[in-house]
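For the sequence shown, my numbering gives the first residue as 27, with consecutive numbering after it. Below: one structure, written as structure tokens.
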Amino acid sequence: MDIKLVVPTLALKDKALEYRKEHFDFHEYVINGSEMFDKMDTYEEWLSRITRNKNLDTVDSNWVVTDTFFAVRKSDEKIIGIIDFRHELNDFLKPFGNSGYSVRPSERRKGYATEMLRLLLLHAKKSGYKEIYLSVEKENKPSHQTILKNGGTLEKTFMFEGEEIYRYKVEL
């Protein structure tokens, strides 16, 4: 697969804003795995937030140490998706797991999410993790397939804000 995970930088601002705009143009106002990129007023504000959240000494007191990556297509350097890795799980995150991810609408159903998750699992393993947890809404069949293709096993289901959520475990 022709993608790599890269740490967001100021140099990626225009491509990142184009990525976010495509989600919004498709009436998707929540970008999973984006560390609130969908909510920030400026790219610089978001970049500062994710940079602080990478370090235990500077992480937001309401969050956990998190690595955030853009999935960039090597052939044209286009941002295809975004994915994060939460190093720990606070009380809010325990049911949801260590990662969230999104693929831009025009690039879906091409295998990118599966490859993004595979690369993130390698990152987690290199970081010393033996397992990670992922959750997905019952109706999000493509994400279920992404997790299953990466070795996920269904651990439990639960309700959140009126939706049934499936939680998976992936052994690394």
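Glycine included, every Cβ here is placed at the ideal spot set by N, Cα and C. This structure is a prediction, so every number in the text was calculated from the model and none was measured.
- Rounded to whole angstroms, Lys47 and Asp102 show a C-alpha spacing of 19 Å.
- Taking a C-beta distance under 7 Å as the contact criterion, Glu197 and Glu141 do not qualify as a contact pair.
- The beta-bridge partner set that DSSP reports for Asp110 consists of Thr94.
- Distance between Leu119 and His113, taken at the CA atoms: about 11 Å.
- Close CB contacts of Leu146 within its chain, under the 8 Å cut and outside five residues either way in sequence, are with Leu31, Phe95, Ile109, Phe111, Ser125 and Tyr127 (chain order).
- The residues Arg75, Arg78 and Asn79, in chain order, have a CB closer than 8 Å to that of Asp86 in the same chain once the five nearest residues on each side in sequence are set aside.
- Between Tyr192 and Thr183 a beta carbon distance of about 5 Å is seen, short of the 8 Å cut, so the two are scored as contacting.
- Between the alpha carbons of Ile105 and Ala97 lies a gap of roughly 6 Å.
- Residues of the same chain with a CB within less than 6 Å of the CB of Gly178, apart from the 5 flanking positions on each side, are Tyr194 and Val196 in chain order.
- Under the DSSP assignment, Ile173 falls in the alpha helix (DSSP H) whose first and last residues are Lys167 to Lys175.
- For Glu163, the closest of Val90, Asn176 and Met185 by C-alpha to C-alpha distance is Met185.
- For the set Glu54, Pro121 and Gly154, the Cα lying nearest the Cα of Leu160 is the one of Pro121.
- The alpha carbon of Leu180 has as its nearest neighbour, out of Ser169, Asp117 and Ile29, the alpha carbon of Ser169.
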